Amino acid sequence: MFVTPMEIRESFDGRQVILRLEGEMDLHTAPLFRDRLEAAVARYGVTRVLADLSQVSFIDSSGLGALLGRHRALRERGGALRLLAPGGRVRSILELAGLTRALEVLEAPPVGPGRDGVQAGGR
Amino acid sequence: MAAETNRFILDMPALPENVGLARLVVAGFAAQLPFSVSDVEELKVAVSEAVTNVVLHAYAGTEVAPEERLLQVHGLLYPDRIEVEVVDWGRGIEDVERAREPAFTTAPDRMGLGFAFMESFADGVEVESRLGQGTRVRLVKRLQAQDASTAGVAGSAG
């Protein structure tokens, strides 16, 4: 048994930054998400971000706070943070805290012209 | 009341990287009882919130030296439940009832849901706090009836 930090893969589909999170989102790892998100939106010059939560195995109020906090920060700049495919336990905590009402939750990656332009992530 | 069948004490600095360690140890310890996966996940959230509160708040604004900013996690296993105590020697909570109210925070990127999550995901939450001396949060998670009936062996192994 060991504690794994959260890994974040980043890509850009021409319209939005996509952050694929893997691991546990808590007090220790939430700042990594915030910093990567801010660096990415600055780099690509956009304010729309999709956070893929399908590989997030744990989230607590620190993780929820980071999601809501970044959503609010992006919204002030005319954008939004959307969530993609949270797993069962993560989803139930999002629902308990009301985040599924505050943030748009997608069940599958968006399709369309922008999807074709997804660059390989992993940075 | 029956004596505990097993126990542990985890003693560590109050650092963000230890939040995950605390819940991992508690989850491993809880596996000695036939808790459902869902119950263990709920316990992990409750423990995460209690330890996070210590890291964020217990020593903020105090003169306690960084190397003395400690927390302990105590695990107590009983045949029908697990109790987890999260203990610090920090500033204490001035108004425990107010601190337990949802959304009691003004910090950006925080939701103030720590105690609300503890109360949602544990079967019992007790808070003892003394100003200038520290705080002890006790979380209780009980075996559900169906858990105990399907596998009573682990609970009587002590």
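As given, the protein sequences belong to chains G and C, one line each in that order.
Take 6 as the starting number for the first sequence in our numbering and just add one per residue.
Take 33 as the starting number for the second sequence in our numbering and just add one per residue.
Using N, Cα and C, we set each Cβ at its ideal position, and we do this for glycine too.
In this text the structure is predicted, and so the values were computed from the model without any measurement.
Check                                                                                                            : Outcome
Counted within 10 angstroms of its Cβ, other Cβ atoms place G:LEU111 as buried (16 or more) or exposed           : exposed
Ordered list of beta strand (DSSP E) runs contained in the segment 82-120 of chain C, each at least 3 residues   : 102-110, 113-120
G:ILE13 vs G:ARG41 beta-carbon contact at 7 Å                                                                    : yes
Own chain residues within Cβ distance below 7 Å of C:SER188, not counting five before or after                   : Only weak support is given to the placement of C:SER188: the predicted model assigns it a pLDDT of 41, under 50, and the value that follows is read from those uncertain coordinates. Once the five neighbours on either side are set aside, the close Cβ partners of C:SER188 are PRO111.
Backbone CA spacing between G:ARG106 and C:ARG162 [nearest angstrom]                                             : 38 Å
Chain C residues whose Cβ lies nearer than 7 Å to that of G:LEU73                                                : MET143
G:ALA102 classed as buried or exposed, judged by whether at least 16 other C-beta atoms fall within 10 angstroms : buried
Alpha-carbon to alpha-carbon, C:MET150 and C:VAL172                                                              : 10 Å
Span separating the alpha-carbon of G:PRO114 from that of G:LEU89                                                : 7 Å
Spatial distance of G:PHE38 from C:TRP121 (CA atoms)                                                             : 31 Å
Boundaries of the alpha helix (DSSP H) in which C:GLU129 is found, first to last residue                         : 128-131
7 Å Cβ cutoff met for G:LEU55 and G:ARG87                                                                        : yes
Pairwise C-alpha distance: G:GLU81 and C:GLY52                                                                   : 32 Å
8 Å contact criterion, which C:LEU15 and C:GLN104 should meet: CB distance rounded                               : With chain C represented from 33 up to 190, any question about residue 15 of chain C goes unanswered, as that position is not in the structure.
Euclidean distance between Cα positions of G:GLY126 and G:LEU72                                                  : Its pLDDT being 42, under 50, G:GLY126 is placed unreliably in this model, and the value from its coordinates should be taken loosely. Near 20 Å, if we compare the C-alpha coordinates of G:LEU72 and G:GLY126.
G:PRO36 versus G:LEU104, G:TYR49, G:ARG48, G:GLY74, residue with shortest Cα-Cα distance                         : G:GLY74
Contact residues within the segment 56-87 of chain C, judged by C-beta distance below 7 Å to chain G             : LEU56, GLY60, GLU73, LYS76, VAL77, SER80, GLU81, THR84, VAL87
Minimum length 3: unbroken beta strand (DSSP E) runs contained in the segment 62-102 of chain G                  : 85-89
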